[in-house]
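Q: Note that the UniProt record's numbering numbers the sequence shown so that position 9 is 9, with each residue one more than the last.
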Amino acid sequence: MNNEITLHYIDGALLVAEKPAGLLSVPGRLPENQDCLVTRLQALYPDALTVHRLDQVTSGLMLYARGKAMQAALSGQFEKRLVSKRYEAVVQGLVDGDAGEVALPLICDWPNRPKQMVDFERGKPALTRWRVLARDVEAQRTRVELEPVTGRSHQLRLHMASLGHPIIGDVMYGADPAARVQLHACRLQFVHPVTGEVFGFVSESPF
1 MNNEITLHYI
11 DGALLVAEKP
21 AGLLSVPGRL
31 PENQDCLVTR
41 LQALYPDALT
51 VHRLDQVTSG
61 LMLYARGKAM
71 QAALSGQFEK
81 RLVSKRYEAV
91 VQGLVDGDAG
101 EVALPLICDW
111 PNRPKQMVDF
121 ERGKPALTRW
131 RVLARDVEAQ
141 RTRVELEPVT
151 GRSHQLRLHM
161 ASLGHPIIGD
171 VMYGADPAAR
181 VQLHACRLQF
191 VHPVTGEVFG
201 FVSESPF
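(1) Could you check where the beta strand (DSSP E) with T195 kicks off and where it finishes?
(2) For L183, which beta-bridge partners are listed by DSSP?
(3) Measure the alpha-carbon distance for V16 versus S59 and round it to whole angstroms.
(4) Count the other CB atoms within 10 Å of the CB of T128; is the residue buried (16 or more) or exposed (fewer)?
(5) Between N2 and L63, what straight-line distance do the alpha-carbon atoms span, to the nearest angstrom?
(6) Work out the CA separation of P166 and K80 for me, nearest whole Å.
(7) Can you tell me where the alpha helix (DSSP H) holding R157 begins and where it ends?
(8) Roughly how many angstroms lie between the CA atoms of S153 and V118, to the nearest whole one?
(9) Jot down the residue ranges of each uninterrupted beta strand (DSSP E) in the stretch 9-52, minimum 3 residues, whole runs only, in chain order.
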């Protein structure tokens with residue numbers, strides 16, 4: 001795998017990087033899972049700290065803080081849902097309707113972790129808004145824009161699968177195998193913790 005990481009922005013407070021599909025956001029427990037985006041960034045910028053995560057299979061925009069104070073400030077924006085995130089995905093089948101939302105509570109499926117599952121008694125509330133961008137009738141696929149209002153683990157993947165439209169390549173949630181899971185973090189908007197300016201970034205879908 002190419003070790004080069006694309007940086008969309010950097011200043012003394014934060015940086016915005018592009019995570020390739022297949023690369024972990026943070027180190028895993030096992031020695032062979034130490035290579036990850038934050039470790040690669042810290043080799044160049046030792047003060048880079050994690051603020052949020054993307055699944056290993058997901059590509060796209062990630063925000064990193066520089067130093068503990070900025071990490072606290074940016075983490076606070078995520079907790080208060082002040083950070084706007086949009087994803088693009090291609091799902092199996094033709095989705096009915098042009099827009100909608102999925103509100104299904106999620107919890108870790110412990111015997112099968114990291115898989116998540118819907119659980120109405122113990123699950124944490126999770127809300128995803130979706131909008132159809134294009135339908136490919138011949139391939140029986142739909143391109144959608146996804147907005148995770150909450151930020152649960154595997155939320156977008158499980159919510160789309162629950163509609164009967166798993167994301168292309170997402171075998172964990174019932175899709176047919178493909179070269180990659182077709183889920184990309186394409187837009188990210190937040191308030192700069194120092195200047196108060198609204199920052200927005202766009203990354204074109206690679207699929």
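Cβ atoms here follow ideal geometry from the backbone N, Cα and C, with glycine treated the same way.
A: According to the structure shown:
(1) Counting along the chain, T195 falls outside any beta strand (DSSP E), and DSSP gives it neither H nor E.
(2) A89
(3) 13 angstroms
(4) buried
(5) For N2, the pLDDT reaches just 49, beneath the cut-off of 50, and the residue's location in the model is therefore unreliable, leaving the point undetermined.
(6) 29 angstroms
(7) Q155 to S162
(8) 12 angstroms
(9) 14-19 and 48-50
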